[in-house]
Structures are given as structure tokens and as C-alpha cells.
Amino acid sequence: MYKHIYRRFLEANPTLLHFASHSHHYWPDATREAQLQYWDDSAKHVDHKWEFLFTQKVPVAQKLIAENLNLSNPSQIVFAPNTHEFVFRLISSLDWTKKISILTTDSEFYSFDRQANRLAEFAQFEVVKVPVMPFDTFHERFEQELASRSWNLVFLSHVFFNSALVSDFKRLSQKASPSSLFVVDGYHGFMAVPTDLKTVEDKIFYLAGSYKYAQGGEGACFLHVPSSARHRPFYTGWFAELAHLSAVGNQVPYPEDASQYSGSTMDLTPVYRLIATLETFKKEGLSVTKIHSWVQQNQKLFLEELEKKHHPLLNKRSLIVSDLNHHGHFLTFNLPSVEETQKMVAHLKNQGVLTDSRGTRLRFGFGLYHDKSQIEKCISLI
Ligand SMILES: Cc1ncc(COP(=O)(O)O)c(C=O)c1O
Numbered sequence: 003m004y005k006h007i008y009r010r011f012l013e014a015n016p017t018l019l020h021f022a023s024h025s026h027h028y029w030p031d032a033t034r035e036a037q038l039q040y041w042d043d044s045a046k047h048v049d050h051k052w053e054f055l056f057t058q059k060v061p062v063a064q065k066l067i068a069e070n071l072n073l074s075n076p077s078q079i080v081f082a083p084n085t086h087e088f089v090f091r092l093i094s095s096l097d098w099t100k101k102i103s104i105l106t107t108d109s110e111f112y113s114f115d116r117q118a119n120r121l122a123e124f125a126q127f128e129v130v131k132v133p134v135m136p137f138d139t140f141h142e143r144f145e146q147e148l149a150s151r152s153w154n155l156v157f158l159s160h161v162f163f164n165s166a167l168v169s170d171f172k173r174l175s176q177k178a179s180p181s182s183l184f185v186v187d188g189y190h191g192f193m194a195v196p197t198d199l200k201t202v203e204d205k206i207f208y209l210a211g212s213y214k215y216a217q218g219g220e221g222a223c224f225l226h227v228p229s230s231a232r233h234r235p236f237y238t239g240w241f242a243e244l245a246h247l248s249a250v251g252n253q254v255p256y257p258e259d260a261s262q263y264s265g266s267t268m269d270l271t272p273v274y275r276l277i278a279t280l281e282t283f284k285k286e287g288l289s290v291t292k293i294h295s296w297v298q299q300n301q302k303l304f305l306e307e308l309e310k311k312h313h314p315l316l317n318k319r320s321l322i323v324s325d326l327n328h329h330g331h332f333l334t335f336n337l338p339s340v341e342e343t344q345k346m347v348a349h350l351k352n353q354g355v356l357t358d359s360r361g362t363r364l365r366f367g368f369g370l371y372h373d374k375s376q377i378e379k380c381i382s383l384i
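Each residue of the sequence shown is one higher than the one before, starting from 3 at the first, in this note's numbering.
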């Protein structure tokens, strides 16, 4: 039904059953023209390119993102090539002359987790990780930690990358101290799980990127900054000072909008691709709710068909799920060992089915280019 959007990627991989959309989604055809348009705009605007990009293109991307997250102020969105840059910039806005306490989970993506682990090697940092499992008590346990003290930084995912379980970050943000920096990693939620940030937009930082469900490829990550934030991250780039460049001196001024979290020169081709994807969805009448229900429908079909196979490893008992109606866009099966998991990924790859794994967890990702026939074929090859 939506395959026409992805004609080029599908033609380039005619026999592949791509069930890794949660890792890297196929790109809509419109992104190719967008990529070329960046070249043409660079040729046309030459030295005035940045002015053109920041006044004509970035605001379009900000507006499209804000629409999808129901944010009232698009200018509170800033871009960077990856989320790690934001992770470190956020941490660098804390007061490093004092002890720093960080509350997070045991299921954050490596960009945050690795950095937090490294910082925890310094006595100055204390990092507490709440286990996501068992999930039915996760929110209560996280709330207990939140209430135990005033954390400098609270960081958690909306959709956990190693399970697709969905956190109720709005509920948790209500329990956080107003002085905590509350950051949500929305990478597995953005453009997949309907997300309305309106009621928490003045409280939370939300970061995401376009490599996955926003389908624009790598290089276009963004951060929503609450409008009251007046931070001075010490990991700062000159884009944070674009409006003050002529006044560079001993002082380091910061803007009041989201660009206080800006870095430096970046390739904006990925932002063009992101715009192209989000505009394609608009043209096709594809809201996040619609995309989500298409994926949910296919996930349910996948599980029904799988059930009929009575597979010893991939079955209801090994599936990690809390509520399929509130679940991310991949299905995760917990296998007995890392070796068995890798063996299964390799077996599926030999059959032409692309999946991936994280430790003992095997992930099947669903996208708009899957339909009933592909689901049935995939199941028959397991
Ligand atoms: C939850 C989550 N956050 C962030 C990222 C991307 O991080 P980065 O942009 O630093 O590579 C990923 C990528 O898979 C992810 O799964």
C-alpha cells in the first residue's frame, strides 16, 4: 500500500526481506531529489548559503518536527549530526564544580550509556541506573528514585532500544525535581509512536534523529529545548553565537532560544532529506497515528502467523512485550544465549531476512514497506 514511496530502495533490494527498519529505515524516493537540491542550492547561494539555509530551510524542518510532536514553538528545536553531541552538550551545561548525580535506566542507547559509564569513573559523577525489567514495576521504581533526591540529570528513553517497551516519560517528568535537567531520548519513538509533547514542552528536553522512523538517513538529529532554559553548556560551538559574531571577545554570550545548544558547521543535506520525508508523509496523508496503526496491524499478523509455527525459540514466551497497543516498531525475542541469538540472525540472513540483535535479544523491525505477503514470507523462512 505504501511501497510506491520507497520504489528506489525496494528496486535496489528486490529479494531482501528487510526486517531491520528499526535500525535503518528505507528512504523515500523524495530524499534523492532533496540530496541533489542541497548541491544545487550550494551552487546557487555560494557564500550566502548559510544565511539561506538558516532562514529558508532550517525553519521548515523545525516546523515539520514541531507539528509531529505538537510543540508550540518550532524555534526551540536545534540540529546536530548525532545525538551524542547533544548528550555531551547537555551534560556540559551542568555545574562541574560540584558533584553531579545522574538518574537513568539500564537500557539506554550506547551514545548515552557509554558516555555515562566513562564519566562514572570520576568520583565527581554518580550514575544510578534503574533496571527496566520487570517492566510492570518500572515506573514505580523509577519514581522512588526520583523522589529520593534532587538529581542533576534525569535521562531515559521513550521507547527502549533493546525491547521496544514504551516508557510513560510524562508521568515520570511530573515527579522530577524542577531543578533536574529532564531529558528524553525519543529516537525510537519519533515518527513511530504518536507523541504529544505539549503538556511537558516547558519541562523536558527531547532528542531524536532521522535515521530510523523519520527515514531521512544519518546526520539530522535534533533537540527540543524548553523555552525557559538559559544554559551555558561548556561544550559549545560557534553556531551558538551566529547573532553575536561581531562581538566576539573575552565574554562567551549565549542566545536565549534553542541555539544555546548549537554546535558548529554541519552538513545540512540530511536536514533536506528529513524535510523531504516529512513532506512526503504529509502529501500521502500519513500521520504518525496512521503509520503506527499500519505497523501494529503487521506486528499482530506476524505474531499470529508465528504462533502457528510452534517455534522452539521464537514464540510468545520469548517475546518481550507489555502491551502491543503501546509498543515500539520492532518485536524483540529474548533467546537463551548470545550465541543462539547470533546463530538465528545469521540463519535468517541466509534465508534473505534481515534482522539484528542486541546481546540475547533478536529484533524484527517493521516499516511502511511491509505488507501481508512479506510478513507471511518472512514467517515461512524462520
Ligand atoms: C535510542 C537511541 N538513541 C540514539 C541513537 C543514535 O545515537 P547517535 O546519534 O549518537 O549515533 C540510537 C541509534 O540507534 C538509538 O537507538
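Positions of the beta carbon are idealized from the N, C-alpha and C atoms, including for glycine.
If you're wondering where the values come from, they're calculated on a predicted model, not measured in any experiment.
(request) Taking 6 Å as the limit, tell me which residues put their C-beta closer than that to any heavy atom of ligand 1, in chain order. (result) N84, T85, H86, F111, S113, S159, F163, D187, Y189, H190, G211 and C223
(request) Please list, in chain order, all residues of the same chain as S324 whose beta carbon is under 6 Å from its beta carbon, the five residues on each side excluded. (result) F137 and L167
(message) Contact defined as beta carbons within less than 8 Å: I believe M135 pairs with V290. What is the distance between those atoms, to the nearest angstrom?
(response) No, M135 and V290 are not in contact; Cβ-Cβ is about 27 Å, not under 8 Å.
(request) Label V161 either buried or exposed according to how many other C-beta atoms from any shown protein chain fall within 10 Å of its C-beta, with 16 as the threshold for buried. (result) buried
(message) Counting C-beta neighbours from all protein chains within 10 Å, is the total for S261 16 or more, i.e. buried, or is it exposed?
(response) buried
(message) Since L148 and A178 should fall inside the 8 Å C-beta cutoff, what is the C-beta to C-beta distance between them, to a whole number of angstroms?
(response) 5 Å
(request) Specify the secondary structure class of F368 as computed by DSSP and reduced to three states. (result) coil
(message) Taking its Cβ as the centre, do 16 or more other Cβ atoms sit within 10 Å of F236, making it buried, or is it exposed?
(response) exposed
(request) For the alpha helix (DSSP H) holding Y208, just list the boundary residues, first then last. (result) Looking at the DSSP string, Y208 is not in any alpha helix (DSSP H); the run it does join, the beta strand (DSSP E), is I206 to G211.
(request) Grab me the residues of F54's own chain with a C-beta within less than 7 Å of its C-beta, minus the 5 sequence neighbours each way, in chain order. (result) D43 and H47
(request) Grab the span of the alpha helix (DSSP H) containing R143 for me, first residue to last. (result) F140 to S150
(request) Determine the DSSP secondary structure at A22, reduced to helix, strand or coil. (result) strand
(request) Flag this pair as yes or no: are the beta carbons of V186 and Y208 separated by less than 8 Å? (result) yes
(request) Could you tell me which of S165, A222, F171 and W240 sits nearest to F111, measuring between CA atoms? (result) S165
(request) Can you check the stretch 50-125 for any beta strand (DSSP E) of at least 3 residues that lies completely inside it and give the ranges in chain order? (result) 79-82 and 102-107
(request) Kindly indicate the opening and closing residues of the beta strand (DSSP E) around V375. (result) The sequence shown places Ser at residue 375, not Val. Looking at the DSSP string, S375 is not in any beta strand (DSSP E); the run it does join, the alpha helix (DSSP H), is K374 to L383.
(message) On the DSSP letters alone, give me the boundaries of the alpha helix (DSSP H) that H349 sits inside.
(response) V340 to N352
(message) Let me make sure I understand the geometry here. Which of N352, R10, S181 and D198 has the alpha-carbon closest to that of L73?
(response) D198
(message) Looking at the secondary structure, which residues open and close the alpha helix (DSSP H) in which E294 lies?
(response) In the sequence on display, residue 294 carries His and not Glu. First-last of the alpha helix (DSSP H) with H294: V290 to K311.
(message) Within the continuous alpha helix (DSSP H) that includes E281, where are the two ends?
(response) T271 to K285
(request) Please classify G219: is it buried, with 16 or more other beta-carbons within 10 angstroms of its beta-carbon, or exposed? (result) buried
(message) Rounded to the nearest angstrom, what separates P30 and H313 at their Cα positions?
(response) 34 Å
(message) Taking a contact to mean a Cβ-Cβ separation below 8 Å, would you say A22 touches L356 in this structure?
(response) yes
(message) Starting from H47, trace the alpha helix (DSSP H) in both directions and tell me its first and last residue.
(response) A32 to H47
(request) Have a look at R116 and L92 and give me their C-alpha separation to the nearest angstrom. (result) 15 Å
(message) On the criterion of 16 or more Cβ atoms from any shown chain inside 10 Å, does L38 qualify as buried, or is it exposed?
(response) exposed
(request) Quick one: grab the DSSP three-state call for H160. (result) coil
(message) Whole angstroms are fine: how far does the CA of F366 sit from the CA of Y28?
(response) 15 Å
(request) Report yes if the C-beta distance between K318 and I381 is below 8 Å; otherwise report no. (result) no
(request) Grab the span of the beta strand (DSSP E) containing L225 for me, first residue to last. (result) C223 to H226
(message) Can you list, in chain order, the residues of its chain with a C-beta nearer than 7 Å to that of T282? Leave out the 5 residues immediately preceding and following it.
(response) I7, P30 and A32
(request) Could you tell me whether the stretch 338-347 touches the stretch 360-374, using the rule of 3 or more Cβ pairs below 8 Å? (result) yes
(message) Along the chain, where does the beta strand (DSSP E) containing E128 start, and where does it finish?
(response) F127 to V132
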